Amino acid sequence: MNKSRFENGLELLTSIDGEAGHKVLESLQDICPDLAKYTIEYPFGDIYARSGLDLKSREIATVAALTVLGNCVPQLKVHLNAALNVGCCEDEIKEVILQMSIYAGFPAALNGMFAFKEVLVERAV
256 MNKSRFENGL ELLTSIDGEA GHKVLESLQD ICPDLAKYTI EYPFGDIYAR
306 SGLDLKSREI ATVAALTVLG NCVPQLKVHL NAALNVGCCE DEIKEVILQM
356 SIYAGFPAAL NGMFAFKEVL VERAV
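Residue numbering for the sequence shown follows the numbering used here, starting at 256 and increasing by one per position.
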């Protein structure tokens, strides 16, 4: 039997983000469960599931994009954890954030690095 986009996406989300991804979904249930569903189906059920990039490369791209946006710290922290979960090492993530200082400026890179620092502290506990 074929799995639905949601089932495939939820399985992939769990393998990448673990508990953090589920917390995001749970936080949407009382206000907009459809957004939680769409967050699973499209990004994880469709895009992350594609074969063109491995999960590590996808998370590097996602960390870079969220760092550049500069206003997505909660999402950035989820994906910083995810990057570590799929095989990125601390130094690789630091280099990605540092690289973004060229394109997004120092404020965005500083915010990204401070978010990463928080993630590392939280993971050490």
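Beta carbons are placed, not taken as given, at the ideal position from N, Cα and C, and that holds for glycine. Here the structure is a predicted model, which means the values were calculated and not measured.
Check: Segments of 4+ residues assigned as alpha helix (DSSP H) that fall wholly inside the segment 273 to 348; Outcome: 274 to 283, 288 to 294, 310 to 324, 328 to 340
Check: Endpoints, alpha helix (DSSP H) assigned at Val376; Outcome: 361 to 379
Check: Three-pair Cβ contact test at 8 Å for the segment 307 to 315 versus the segment 283 to 291; Outcome: no
Check: Ala319 versus Phe369 - alpha carbon distance; Outcome: 14 Å
Check: Residue of Lys349, Ala338, Asp309 minimising C-alpha distance to Ala275; Outcome: Ala338
Check: Stretch-stretch touch, CB-based, cutoff 8 Å, three pairs: the segment 322 to 341 with the segment 286 to 305; Outcome: no
Check: CB of Phe299 within 8 Å of CB of Leu335, strictly; Outcome: no
Check: Rounded straight-line distance, which links the Cα of Glu281 to that of Ser259; Outcome: 20 Å
Check: As assigned by DSSP and simplified to three states, the class of Asn263; Outcome: helix
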